[in-house]
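Visitor:
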Amino acid sequence: MTEKPDSTLYSGRYLNLRERRGWEFIERRHGVVVLIAWTPERELLLVEQYRIPIKQRTIELPAGLVGDCDEQAGEAPLAAAARELVEETGWRAGRLREIMACPTSAGLTSEQVCFVWAEDLEPVGPGGGDDSEDIIVHRIPAAAIDGWLIDRYRAGLAIDPKIFTALYWSATQ
1 MTEKPDSTLY SGRYLNLRER RGWEFIERRH GVVVLIAWTP ERELLLVEQY
51 RIPIKQRTIE LPAGLVGDCD EQAGEAPLAA AARELVEETG WRAGRLREIM
101 ACPTSAGLTS EQVCFVWAED LEPVGPGGGD DSEDIIVHRI PAAAIDGWLI
151 DRYRAGLAID PKIFTALYWS ATQ
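Per full-length UniProt numbering, the very first residue in the sequence shown carries number 1; after that it's consecutive.
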């Protein structure tokens with residue numbers, strides 16, 4: 001028996017809606033990097049921004065797409081991580097290293113997120129994202145992060161669960 005090939009139900013700029021053996025899923029067209037970045041003062045860099053799909057402001061790790069525009073075609077994940085860290089937070093890393101790549105929602109999307117550890121940070125600009133973004137940068141001391149996240153959740157912000165993965169990895173580094 002020959003397996004039916006995947007079909008494309010919709011093709012967009014960043015995502016494709018595909019069907020495989022009756023299963024609909026989102027295919028990500030670009031890689032994604034997520035940064036775990038602690039300042040020299042042991043503050044975790046987090047970003048806050050409005051996310052259209054959930055109609056809510058979120059607290060997240062700095063992150064972004066790999067090679068998401070023509071000028072960045074063929075971009076390496078660590079190069080994207082360096083670019084996104086400066087763009088979103090205004091901090092530059094002296095060293096970056098990949099920790100692991102993992103699926104974000106394996107039953108829904110092909111997206112794999114590459115977690116990147118950022119070391120030897122120095123401030124180089126204001127951050128805040130590119131012209132299409134409205135990002136607020138937060139520097140949260142390690143000792144205060146649990147309470148700070150709870151307060152933000154109670155205030156109605158969504159907390160990206162990748163933050164908890166970052167805290168786990170931070171305890172093992």
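No residue lacks a Cβ here, since even glycine has one placed at the ideal position from N, Cα and C.
1) Drop a sphere of 10 angstroms on the beta-carbon of Thr172, count the other beta-carbons inside from all chains shown, and report buried for 16 or more, exposed for fewer.
2) Where does Leu17 sit, in a helix, a strand or coil, going by DSSP?
3) From Tyr14, Ala118 and Glu87, pick the residue whose C-alpha is nearest to that of Glu98; which is it?
4) So, do the segment 71-86 and the segment 147-163 have three or more beta carbon pairs nearer to each other than 8 Å?
5) For the alpha helix (DSSP H) containing Asp6, list its first residue and its last residue.
6) Can you tell me which of Ser7, Arg18, Ala63 and Thr2 puts its alpha carbon nearest to the alpha carbon of Leu108?
7) If we ignore side chains and look at the alpha-carbon of each, how far apart do Leu9 and Phe25 end up?
8) Taking Glu88 as part of the alpha helix (DSSP H), name the residues at either end of that continuous run.
9) Using a threshold of 9 Å, state whether the C-beta atoms of Gly90 and Leu65 are closer than that.
10) Is the distance from the Cβ of residue 179 to the Cβ of Leu45 below 9 Å?
11) From the DSSP output, which residues share a beta bridge with Val33?
12) Do you know how far the Cα of Glu27 is from the Cα of Leu15?
13) Would you list the residues sitting across from Glu119 in a DSSP beta bridge?
14) Taking Glu41 as the reference, give the member of Ser132, Ala143, Tyr168 and Phe164 with the closest Cα.
Guide: By the coordinates alone:
1) In summary, Thr172 is exposed, with fewer than 16 beta-carbon neighbours lying within 10 Å of its beta-carbon over all protein chains present.
2) Of the three classes helix, strand and coil, the one that applies to Leu17 here is strand, per DSSP.
3) The shortest C-alpha separation from Glu98 is found at Ala118.
4) By the Cβ rule, the segment 71-86 does not count as touching the segment 147-163, because fewer than three pairs are nearer than 8 Å.
5) Where Asp6 is concerned, there is no enclosing alpha helix (DSSP H), given that its DSSP letter is neither H nor E.
6) Residue Arg18 is the option with its Cα nearest to Leu108.
7) If I take the Cα positions, the gap works out to 10 Å.
8) Unbroken alpha helix (DSSP H) run through Glu88: Pro77 to Thr89.
9) Not closer than 9 Å, so no.
10) Residue 179 lies beyond the residue range present for the chain, which begins at 1 and ends at 173; the question has no answer from this structure.
11) Note: Val33 sits in a beta bridge opposite Gly64 and Cys114.
12) Each residue's CA atom was taken as its position, placing Leu15 and Glu27 some 6 Å apart.
13) In the DSSP output, where bridge partners are listed per residue, Glu119 has Arg95.
14) Distances from the CA of Glu41 to each of Ser132, Ala143, Tyr168 and Phe164 were compared; the closest alpha carbon is that of Ala143.
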